[in-house]
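Oh and the sequence shown: position 112 is 111 in numbering that gives the first Met the number 0, straight run, nothing missing.
A short worksheet on the structure shown next.
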Amino acid sequence: MTKYDIIQFASENYEPRKQGAKIVGVIVHCMGLALRESLDILTKAQYNVSSHYFIPRISGEALKSEFPDLFGNVVLQYPEQIPVIQLVADKDRAYHAGVSSFANWNELPGCEKGLNSCTIGIEFHSPGYMAKDDKYKFSNYTDAQKELGIALIEDLMERHHIPATNLLAHSTIAPMRKTDPGPLFFWQELFDNGIGYLPKSIIAGEDTGVVDTRLEPIAGVREGYTGVSDIYGMQAKLKQIGFDCPQSGVVDEQTQYCISAYCLQFASMLWQPEIVGAEEPWNMDAFIASLNSFDAGVFYI
Numbered sequence: 000m001t002k003y004d005i006i007q008f009a010s011e012n013y014e015p016r017k018q019g020a021k022i023v024g025v026i027v028h029c030m031g032l033a034l035r036e037s038l039d040i041l042t043k044a045q046y047n048v049s050s051h052y053f054i055p056r057i058s059g060e061a062l063k064s065e066f067p068d069l070f071g072n073v074v075l076q077y078p079e080q081i082p083v084i085q086l087v088a089d090k091d092r093a094y095h096a097g098v099s100s101f102a103n104w105n106e107l108p109g110c111e112k113g114l115n116s117c118t119i120g121i122e123f124h125s126p127g128y129m130a131k132d133d134k135y136k137f138s139n140y141t142d143a144q145k146e147l148g149i150a151l152i153e154d155l156m157e158r159h160h161i162p163a164t165n166l167l168a169h170s171t172i173a174p175m176r177k178t179d180p181g182p183l184f185f186w187q188e189l190f191d192n193g194i195g196y197l198p199k200s201i202i203a204g205e206d207t208g209v210v211d212t213r214l215e216p217i218a219g220v221r222e223g224y225t226g227v228s229d230i231y232g233m234q235a236k237l238k239q240i241g242f243d244c245p246q247s248g249v250v251d252e253q254t255q256y257c258i259s260a261y262c263l264q265f266a267s268m269l270w271q272p273e274i275v276g277a278e279e280p281w282n283m284d285a286f287i288a289s290l291n292s293f294d295a296g297v298f299y300i
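In structure tokens form, the structure reads like this:
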């Protein structure tokens, strides 16, 4: 079991969770700004943004050395390891999700317009993300960040009795606005540790040249269902999974963003920036195979 330090570094941006709100999930994010700037944004009132936790890329010892004004007095048990920086108490509502939705989570008390009141937010420091304001610029996560992230999420899920599947990307709950934590996030490692969810075709690594790429008929979609070419079926499955996807039969911009968000979390090896703006999904066979194998009810509460 990974042991780690938790450094308390209070944010000004929080409030009590809405009355009756229950923590049902963990939302993961990333920030690509310099470390001090990232912490300023997450803690100072003028920015009105926060998360419950922040995972840096450098050790506790390095934090104390590089930022003595912020962390010089911190006492560490594991100085050579990356620490968890806690910005907001679990019992309070951090401002990390914004306007957001997924599955039926918006039916929960306090979460009608966004998921802040029913989730915990974790920011990973990922220098290079959104370089030059390009939301499709991503950077890798370190092995130490992965190990610590897995340990922290495990602890949070146990502490708050959160279902192990209920780990979502910021891009999943706000696909029109966000792309973090990106396709380089360690979804597979998390899944290997019993955290999160991946479609069966992605787990199996099926050869898309031989799998049946037809979407299974979905009750209530429409008469005359035709499978892979049926945009209604694709949109219906995305909506069943939990995305706010139009049911128009047209691959419009919002549908493209839903496809992109789906791949960013659930099929990251298929993701490409060209998804948004393309006339049709790029790797349709593999994409449809993953939709076919997705348990659409897994995130519903």
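Virtual Cβ for every residue (Gly too), placed ideally from N, Cα, C.
Check residue i in the structure and name its three-state DSSP category.
{"i": "I194", "result": "coil"}
{"i": "Q85", "result": "strand"}
{"i": "Q7", "result": "strand"}
{"i": "E278", "result": "Unreliable placement is indicated for E278, whose pLDDT of 49 sits below 50; the coordinate value is still reported in the next sentence. Coil at E278, not helix or strand."}
{"i": "R176", "result": "coil"}
{"i": "G24", "result": "strand"}
{"i": "F70", "result": "helix"}
{"i": "E14", "result": "strand"}
{"i": "D243", "result": "coil"}
{"i": "D284", "result": "helix"}
{"i": "A93", "result": "strand"}
{"i": "T42", "result": "helix"}
{"i": "T1", "result": "coil"}
{"i": "S49", "result": "coil"}
{"i": "Q271", "result": "coil"}
{"i": "Y261", "result": "helix"}
{"i": "S254", "result": "According to the sequence displayed, residue 254 carries Thr and not Ser. Three-state result, T254: helix."}
{"i": "E79", "result": "coil"}
{"i": "K145", "result": "helix"}
{"i": "D132", "result": "helix"}
{"i": "I161", "result": "coil"}
{"i": "A266", "result": "coil"}
{"i": "N105", "result": "helix"}
{"i": "D229", "result": "coil"}
Using DSSP's beta-bridge definition, name the partner residues of residue i.
{"i": "I300", "result": "DSSP output for I300 lists no bridge partner at all."}
{"i": "H169", "result": "DSSP lists no partner for H169."}
{"i": "C29", "result": "F123"}
{"i": "I54", "result": "F123"}
{"i": "G98", "result": "Reading the sequence as shown, one finds Val at residue 98 and not Gly. In DSSP, V98 forms a bridge with G113."}
{"i": "T118", "result": "G24"}
Have a look at the options and flag the residue whose alpha-carbon is nearest the alpha-carbon of residue i.
{"i": "I172", "options": "I22, V250, G241, A295", "result": "G241"}
{"i": "K238", "options": "I84, G181, F298, G193", "result": "F298"}
{"i": "I194", "options": "F184, T164, L107, A168", "result": "T164"}
{"i": "S292", "options": "I230, V250, I202, G232", "result": "I202"}
{"i": "A295", "options": "F53, E14, D91, Q234", "result": "Q234"}
{"i": "G24", "options": "A44, V87, D4, L114", "result": "L114"}
{"i": "E188", "options": "L86, P174, L166, S170", "result": "L166"}
{"i": "M175", "options": "D251, M156, L69", "result": "D251"}
{"i": "Q253", "options": "S170, I300, V27", "result": "S170"}
{"i": "N47", "options": "Q76, L269, A96, L75", "result": "A96"}
{"i": "H51", "options": "E122, D284, Q144", "result": "E122"}
{"i": "Q144", "options": "P67, I161, D132, F185", "result": "F185"}
{"i": "K43", "options": "A130, P245, N12, D68", "result": "N12"}
{"i": "S200", "options": "L155, D39, M268, V27", "result": "M268"}
{"i": "Y302", "options": "K63, P126, I161", "result": "For the chain, the structure presents residues 0 to 300; residue 302 sits outside this window and is missing."}
{"i": "S49", "options": "N192, Y94, E157, V27", "result": "Y94"}
{"i": "E36", "options": "L75, P126, Q246", "result": "P126"}
{"i": "N192", "options": "E153, E157, A168, I258", "result": "E153"}
{"i": "I26", "options": "Q246, S289, P162", "result": "P162"}
Assuming residue i and residue j make a contact with CB atoms under 8 Å, what is their CB distance in whole Å?
{"i": "F286", "j": "A266", "result": "7 Å"}
{"i": "Y140", "j": "M30", "result": "Rounded, the Cβ-Cβ distance is 12 Å, inconsistent with contact."}
{"i": "L197", "j": "F190", "result": "5 Å"}
{"i": "G59", "j": "D4", "result": "5 Å"}
{"i": "L86", "j": "A9", "result": "7 Å"}
So, at 8 Å on beta carbons, what are the nonlocal neighbours of residue i in its own chain, with the 5 sequence-adjacent residues on each side left out?
{"i": "Y135", "result": "T178, P272"}
{"i": "E14", "result": "D91, R92"}
{"i": "H159", "result": "I22, D89, I119"}
{"i": "I57", "result": "L34, E65, I81"}
{"i": "K17", "result": "R92, P108, G109, C110, S116"}
{"i": "I54", "result": "I81, V83, I84, I121, E122, F123, H124, Q144, L147, G148, L151"}
{"i": "E279", "result": "For E279, the pLDDT reaches just 47, beneath the cut-off of 50, and the residue's location in the model is therefore unreliable, leaving the point undetermined."}
{"i": "A130", "result": "G31, K136"}
Note down, in chain order, each residue of its chain lying with its Cβ closer than 6 Å to the Cβ of residue i, except the 5 sequence neighbours on either side.
{"i": "E111", "result": "N105"}
{"i": "S100", "result": "D243"}
{"i": "G248", "result": "I230, Y231"}
{"i": "L151", "result": "V83"}
{"i": "A102", "result": "G241, F298, Y299"}
{"i": "D133", "result": "none"}
{"i": "A20", "result": "P108, G109, S116, C117"}
{"i": "V98", "result": "G113"}
For residue i, which residues from the same chain have a beta carbon less than 7 Å from its beta carbon, with the 5 sequence-adjacent residues on both sides left out?
{"i": "T1", "result": "E146, L147, A150"}
{"i": "G181", "result": "C29, Y128, F137, L263"}
For the ligand NAP, I want to know if residue i counts as a neighbour, meaning its beta carbon is within less than 7 Å of at least one of the ligand's heavy atoms.
{"i": "D154", "result": "Absent from the structure shown: the ligand NAP. Ligands present: none."}
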